[in-house]
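In my numbering, each residue's number is its place in the sequence shown (first place is 1) plus 103.
Scroll down for the structure; my scribbles are underneath it.
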Amino acid sequence: MNCLPDQELYYTNDTATINCKLINSGDTPLDLDICVQENCQKAAVPQEEGVTLAFKIQARTNGRIPVIAEDKDAVAYTYVELSTIALPDIYVTDVVPDVVDYKDTVVLKFNINADTEVRDVTIDFKFDRF
């Protein structure tokens, strides 16, 4: 059993596709239950043939994701490495002034905060659309 993710890097909570190739090198067909996280599929693998399965999972954290294939007689394990980047939660606080009249010209001050380290942030107020 060989399993690989469809891309090298994901943002947290992206949908990752794990592609698994299962080859039956034995002389009897296999009826397998294959699971990646809580996503499970059944597969009939003819003798001396292979099947390919795709599993959609949420890329939650970095690390090894177990892939488990089992039939009535045996269990096989492999692991898939997922690399994720956390998306920061960005929010604005301390807006001054907090109320302005229409067509007033003011200096607007505020703080931008995030729950993780953020670099190279661009803020576009879209003023050029007026």
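Even for Gly, the Cβ is constructed at its ideal location relative to N, Cα and C.
Less than 8 Å between the beta carbons of residue i and residue j, yes or no?
i, j, result
"V139", "I126", "no"
"V203", "V209", "yes"
"F158", "I121", "yes"
"T187", "A162", "yes"
When the Cα atoms are used, what is the spatial distance from residue i to residue j?
i, j, result
"C106", "Y182", "7 Å"
"N165", "V154", "27 Å"
"V198", "N214", "7 Å"
"I137", "K145", "6 Å"
"Q211", "I171", "It is Leu, not Gln, that sits at residue 211 in the sequence shown. Cα to Cα, the separation comes out at about 56 Å."
"A177", "M104", "13 Å"
"P108", "A147", "22 Å"
"L112", "P200", "41 Å"
"F228", "L156", "45 Å"
With a threshold of 7 Å on Cβ separation, who are the neighbours of residue i within its own chain once the five nearest residues in sequence on each side are excluded?
i, result
"Q86", "This structure leaves residue 86 out entirely; the chain is present only between 104 and 233."
Decide if residue i is buried, meaning its Cβ has at least 16 other Cβ atoms within 10 Å, or exposed.
i, result
"L135", "buried"
"P169", "exposed"
Please work out which residues of its chain come closer than 6 Å, Cβ to Cβ, to residue i, disregarding the five sequence neighbours upstream and downstream, and give them in chain order.
i, result
"A189", "T115, T219"
Please list, in chain order, all residues of the same chain as residue i whose beta carbon is under 8 Å from its beta carbon, the five residues on each side excluded.
i, result
"C143", "D136, I137"
Suppose only complete runs of 3+ residues qualify. What are the beta strand (DSSP E) ranges in the stretch 133-201, listed by chain order? Within the stretch 133-201, the complete beta strand (DSSP E) runs of at least 3 residues are 133-139, 142-148, 153-162, 166-173, 178-185, 193-199.
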